[in-house]
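**Q** This structure is in structure tokens; I'll ask about it shortly.
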Amino acid sequence: MSSSRLEYLLASRGMVRELDGFVVAACFDASGTVASFGMGDGTQHLARVGETDPWVRHVVHEGGLLALAPDVTPGSFISGGDDGFFRRLRANGDIDDIASFGSRWVEHVTSFVDAKSGLLACSERKTVHLFDRDGRKLKSLDHPSTVAGIGFDAKGKRVAAAHYNGATLWFVAAKTDSPRKLEWKGSHTGVVIHPDGTAVVTSMQENALHGWRLTDGQNMRMSGYPAKTAFMSFSRNGKWLATSGADAVVLWPFFGGGPMGKAPTELAGGAGVICTAVACHPLQDVVAAGFADGMVVLIDIGTGRILPGAPPGGGSVSAMAWNSTGAWLAFGTEDGRAALIDLTAREG
Amino acid sequence: MADVSQVPVTVLTGFLGAGKTTLLNRILTEQHGRRYAVVINEFGELGVDNDLVVDADEEVFEMNNGCICCTVRGDLIRILGALFRRRGKFDGIIIETTGLANPAPVAQTFFVDENLRTHAKLDAILTVVDACNLPARLADSPEASAQIAFADIIILNKTDLVTPGQLDAVEARVRGINPLARIIRAERAAVPVPELLDRGAFDLDRILAMDPDFLTHDEHGHSEGVNSVSFEVSRPVDPEKFQAWMGQLLQEKGADLLRTKGILEHPNEDRRFAFQAVHMIADGDYVGKWKEGVPRKSKLVFIGRDLNRPQLRRGFEACQVGA
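Written out as structure tokens, the structure is:
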């Protein structure tokens, strides 16, 4: 992909900062108007979309920040760190401890953002801890080995955890905890649940994905990646699972009997650069993808048409997220580039 | 991504009571101008306040890569992956293993995981042994000989608790298992820290300096079951022949081959090719030029169990160009 003559959205409608450190994660708050970039040095940098206000830096963890997610309350974020804290950064800059675990790292956090209920979760070692929207502990869920990824389903009814030899699916509200154990040998490093709740997919150490169709327990094997898959994102209606880890955006079809026995669709390939991050648009069949050279593109899944988002530079793309309306895309890189792209006019 | 600087990683092994924690405390408290992140297993034993001490569970799992003995440490993949995002906070990483651990999964992790390969380099496996208790450990525990076999540097500790004659005998046994490692004698783990860390001991250059005659003696005392053989050939080694031979050898005998290291002369190539393997997992790269005016020789060392010397020699010799 020659970059010289392309007009990148970042130049015409973007905001970029070169921050100090590694962008571990990026996300938008519940209202979709504030972006947070979580950094390897334990800070979060907050940017209000569409405004030229300076970004605000908050020291949230004493060590490194390991995971970041929106809080249920607008303007606020939750994060986990290697200081053992699960914390909330409020819109006014206050920081609360939701929980602390001593020397144990809080490696993963996630939330189910909902106007009425809302849930928070974090994991340390082999345990997932669930909290209500106010940060009151609901329950702790133990696993046979260290939890390497957590995720709620689209309704906040179930939470999945990835670990060695499979994943475990829990009902959040169950009185007696008898989880569904999804078994497959190997180290599972990340997990997503299909938007309609019918499948669970994990990423694996062996440059492959594994899935379980929940209706009949059938296994899905999705392999052939040259690198590890760090990002998995279902398209808005669950038709496609977009993934990183190849020198193209790999999309697995979750329709017509797929992904079993189906070849994936590969988009935005050809440059020989590994795709390191993907995020599907929340409302349209569009996927944003970041590459190891720092390039970011937006792809229309139906037509394969590519819109250049950001030129190469700034290191490998390590963080990527859309806001809830799909009007803004945030991404960050290993060398500290943090950026927002405004797509409002294109959504009309 | 060639400009990513690789963090040196030191793996610290040794039986409980050999002096690992004493050594670790020395490394963390002595003024040597370098900062280390430390991954330990017996949290709390370390009497040092260091915000870069990480408490880990040794979580070993099998890779589904067709390699029957390929076990790796999943906890290290996660922990080091997170540490790499805190660039500039430390100069090196030390991984302490529990006393009974086999070092193979730790070493294999650094070969197998692409993120670790990109950001870290295994600097050395450092094994602390108790000069007084080693004979008993070798007799009752297979891990003791494995820890010695895997080591790049061996600290023969507690030398004040044995007589000079016993010390020499223990050192000879260590040497019999691993002829390649540097052996440092110590009391109370008092070793100059710069001698241990960021030495590039995992680099294979030291093999070149090795005297092959030393290894042509039949090793004594095979009760440990682990010994070593080494070979030298003077004609260039054909890379394809070598790969075919080594690939099959590791596939068939990898479980018994703890470590394999070599420096190879490839035809029409001014650089030395360094080869190494841990069990079945092999890796190789060019490591700088041959010295001018010195005859080039390819050397290969096996450390393992049930080594068939004549067979291995014939195999290596047949890899030479024109053989």
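Heads up: the protein sequence lines correspond to chains A and B, in order. Just so you know, this note's numbering puts 320 at position 339 of the first sequence, and the rest follows in order with no gaps. One gets this note's numbering by counting positions in the second sequence from 1 and adding 374 to each. Every residue gets a Cβ at the ideal spot worked out from N, C-alpha and C, and that includes glycine. All of these numbers come straight from a predicted model, not from anything done at the bench.
1) Of the choices A/133, A/147, A/188, A/204, whose alpha-carbon is the least far from that of residue 173 of chain A?
2) Check for me: the alpha helix (DSSP H) holding residue 512 of chain B runs from which residue to which?
3) Indicate whether the contact test is met: 3 or more Cβ pairs, each with one atom in the stretch 183 to 194 of chain A and one in the stretch 95 to 110 of chain A, closer than 8 Å.
4) Between the stretch 14 to 33 of chain A and the stretch 288 to 305 of chain A, do at least 3 Cβ pairs fall closer than 8 Å?
5) For chain B, find out if any of its Cβ atoms is closer than 8 Å to the Cβ of residue 25 of chain A; answer yes or no.
6) Spatial neighbours of residue 471 of chain B within its chain, please: C-beta separation below 8 Å, excluding the five flanking residues on both sides.
7) Between the C-alpha atoms of residue 239 of chain A and residue 140 of chain A, what's the straight-line distance to the nearest angstrom?
8) For a test of the three-state rule: what should DSSP assign to residue 600 of chain B, helix, strand or coil?
9) Between residue 411 of chain B and residue 475 of chain B, what straight-line distance do the alpha-carbon atoms span, to the nearest angstrom?
10) Tell me the rounded alpha-carbon separation between residue 257 of chain A and residue 5 of chain A.
11) Which chain B residues sit within Cβ distance under 9 Å of residue 167 of chain A?
12) Inspect the CB distances between the stretch 442 to 460 of chain B and the stretch 480 to 493 of chain B and report whether three or more fall short of 8 Å.
13) For residue 505 of chain B, which residues in the same chain have their Cβ closer than 7 Å to its Cβ, ignoring the five residues on either side in sequence?
14) Relative to the C-alpha of residue 221 of chain A, which residue among A/232, A/241, A/24 is closest?
15) Just to confirm, are residue 61 of chain A and residue 23 of chain A a CB contact at a threshold of 8 Å?
16) Using a Cβ-Cβ distance under 8 Å, would residue 228 of chain A count as near chain B?
17) Cβ closer than 9 Å: which chain B residues qualify as neighbours of residue 127 of chain A?
18) For residue 446 of chain B, does the three-state DSSP call read helix, strand or coil?
19) Counting only beta-carbon separations shorter than 8 Å, does residue 488 of chain B have a partner in chain A?
20) Using a Cβ-Cβ cutoff of less than 6 Å, which residues in the same chain neighbour residue 508 of chain B once the five nearest sequence positions on both sides are dropped?
21) Near residue 516 of chain B, which residues of its chain fall below 8 Å by C-beta distance, leaving aside the five closest residues on each side in sequence?
22) So is residue -1 of chain A in contact with chain B if we call contact Cβ pairs under 8 Å?
23) Excluding five sequence neighbours on each side, which residues of the same chain lie with their C-beta closer than 8 Å to the C-beta of residue 125 of chain A?
24) Output the boundary residues of the beta strand (DSSP E) element that contains residue 118 of chain A.
25) What did DSSP end up calling residue 417 of chain B once you bin it into helix, strand or coil?
26) Rounded to whole angstroms, how far is the Cβ of residue 401 of chain B from the Cβ of residue 499 of chain B, which I believe are closer than 8 Å?
27) Counting contacts by CB-CB distance shorter than 8 Å, is residue 460 of chain B in contact with chain A?
28) When you compare each of A/88, A/40, A/65, A/94 to residue 82 of chain A by their alpha carbons, which one comes out closest?
29) For residue 277 of chain A, go through chain B and note every residue whose CB falls closer than 7 Å to its CB, in chain order.
30) Taking 8 Å as the CB-CB cut-off, is residue 186 of chain A touching chain B?
31) Measuring straight from C-alpha to C-alpha, what distance separates residue 96 of chain A and residue 57 of chain A?
32) Mark residue 526 of chain B as exposed unless 16 or more other C-beta atoms lie within 10 angstroms of its C-beta, in which case mark it buried.
33) Which of the three DSSP states is assigned to residue 452 of chain B in this structure?
34) Ignoring anything shorter than 3 residues, give me the beta strand (DSSP E) runs that lie fully in the stretch 486 to 572 of chain B, in order along the chain.
35) Assuming residue 226 of chain A and residue 211 of chain A form a contact by the criterion Cβ under 8 Å, report the distance between their Cβ atoms to the nearest whole angstrom.
36) Run down chain A in chain order and give the residues with a C-beta less than 9 Å from the C-beta of residue 411 of chain B.
**A** Taking the coordinates as given:
1) Per the Cα distances, A/133.
2) Run containing residue 512 of chain B: 508 to 514, per the alpha helix (DSSP H) assignment.
3) No contact exists between the stretch 183 to 194 of chain A and the stretch 95 to 110 of chain A.
4) Touching, per the Cβ criterion.
5) No, residue 25 of chain A does not count as interfacial toward chain B.
6) Cβ neighbours of residue 471 of chain B beyond the five flanking positions: 385, 386, 387, 415, 432, 477, 480.
7) Those two C-alpha atoms are separated by around 24 Å.
8) Per DSSP, reduced to three states, the secondary structure at residue 600 of chain B is coil, with no helix or strand assignment.
9) Answer to the nearest angstrom: the Cα atoms are 20 Å apart.
10) Residue 257 of chain A and residue 5 of chain A: Cα-Cα distance of roughly 13 Å.
11) Under the 9 Å cutoff, chain B gives 435, 436, 437, 438.
12) Because the criterion of three Cβ pairs below 8 Å is met, the stretch 442 to 460 of chain B and the stretch 480 to 493 of chain B touch.
13) Excluding residues within five positions, the ones whose Cβ falls inside 7 Å are 530, 531, 532, 533, 535, 536, 541, 544.
14) Comparing Cα-Cα distances from residue 221 of chain A to each of A/232, A/241, A/24, the minimum goes to A/232.
15) No; because the gap between Cβ atoms is not below 8 Å, this pair is not in contact.
16) Chain B, which has no Cβ nearer than 8 Å to the Cβ of residue 228 of chain A, makes this no.
17) Residues of chain B passing the Cβ test: 431, 433, 448, 449, 452.
18) Correct three-state label for residue 446 of chain B: strand.
19) Chain A, which has a Cβ nearer than 8 Å to the Cβ of residue 488 of chain B, makes this yes.
20) Taking C-beta separations shorter than 6 Å and ignoring five residues to either side along the sequence, the partners of residue 508 of chain B in its chain run 544, following chain order.
21) 599.
22) Judged by the 8 Å Cβ criterion, residue -1 of chain A is not in contact with chain B.
23) If we look at residue 125 of chain A and ignore the five residues flanking it on each side, its Cβ neighbours are 107, 144, 145, 146.
24) That run of the beta strand (DSSP E) goes 118 to 123.
25) Its pLDDT being 49, under 50, residue 417 of chain B is placed unreliably in this model, and the value from its coordinates should be taken loosely. Under the three-state reduction of DSSP, residue 417 of chain B is assigned to coil, being neither helix nor strand.
26) About 15 Å; that fails the 8 Å criterion.
27) Yes, because at least one Cβ of chain A sits closer than 8 Å to the Cβ of residue 460 of chain B.
28) The shortest Cα separation from residue 82 of chain A among A/88, A/40, A/65, A/94 belongs to A/65.
29) Correct list: empty, because the minimum Cβ distance to chain B is about 17 Å.
30) Cβ-Cβ to chain B under 8 Å: yes for residue 186 of chain A.
31) The straight-line gap from Cα to Cα measures roughly 14 Å.
32) That one is buried.
33) DSSP places residue 452 of chain B in the helix class (H, G or I) of the three-state scheme.
34) Runs found: 494 to 504, 527 to 531, 556 to 559.
35) With a Cβ gap of about 7 Å, residue 226 of chain A and residue 211 of chain A count as contacting.
36) Taking a Cβ-Cβ threshold of 9 Å, none of the residues of chain A is close to residue 411 of chain B; the smallest such distance is about 10 Å.
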